[in-house]
């Protein structure tokens, strides 16, 4: 019972950003499943809709009946939250639990590969800053 989108549910063709409760409200209006996983911001965050919409600041999210969840797992590459580690999540359907996790990787090798591929230097530099 989940949906996966790149950006938003309310304006999918416009690549909107969700950073706050007001942004999340717009997508919740179109959300038909209990959970929607989204990206685009490269920042891990969780919004919960029950009586209202609030940002949930936890790495372990218990999925409760009657609520809806709008979840961004962060970014495996090019994170934007100041944390260079790869961000991802695991959704345990049987136990109704979503975990936001981080994994270390060989940052120096990744930076060298970015440079060797001829990509902009900024992509390599900001990888280490998570910005």
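In my numbering, the protein residues as written are 3 to 133.
Where is the CB? At the ideal position from N, CA and C, for every residue including glycine.
6 Å Cβ shell around residue i - same chain, five flanking residues per side excluded
i, result
"residue 48", "58, 63 and 73"
Cross-strand partners of residue i (DSSP beta bridge)
i, result
"residue 94", "99"
"residue 123", "According to DSSP, residue 123 bridges with nothing at all."
"residue 62", "101"
"residue 89", "104"
Rounded distance between the beta-carbons of residue j and residue i, thought under 8 Å
i, j, result
"residue 78", "residue 88", "4 Å"
"residue 20", "residue 43", "7 Å"
"residue 70", "residue 30", "6 Å"
"residue 125", "residue 80", "7 Å"
Where residue i sits in the DSSP three-state scheme
i, result
"residue 107", "coil"
"residue 31", "helix"
"residue 51", "strand"
Proximal residues to residue i (C-beta, below 7 Å), its chain only, five neighbours per side dropped
i, result
"residue 27", "55"
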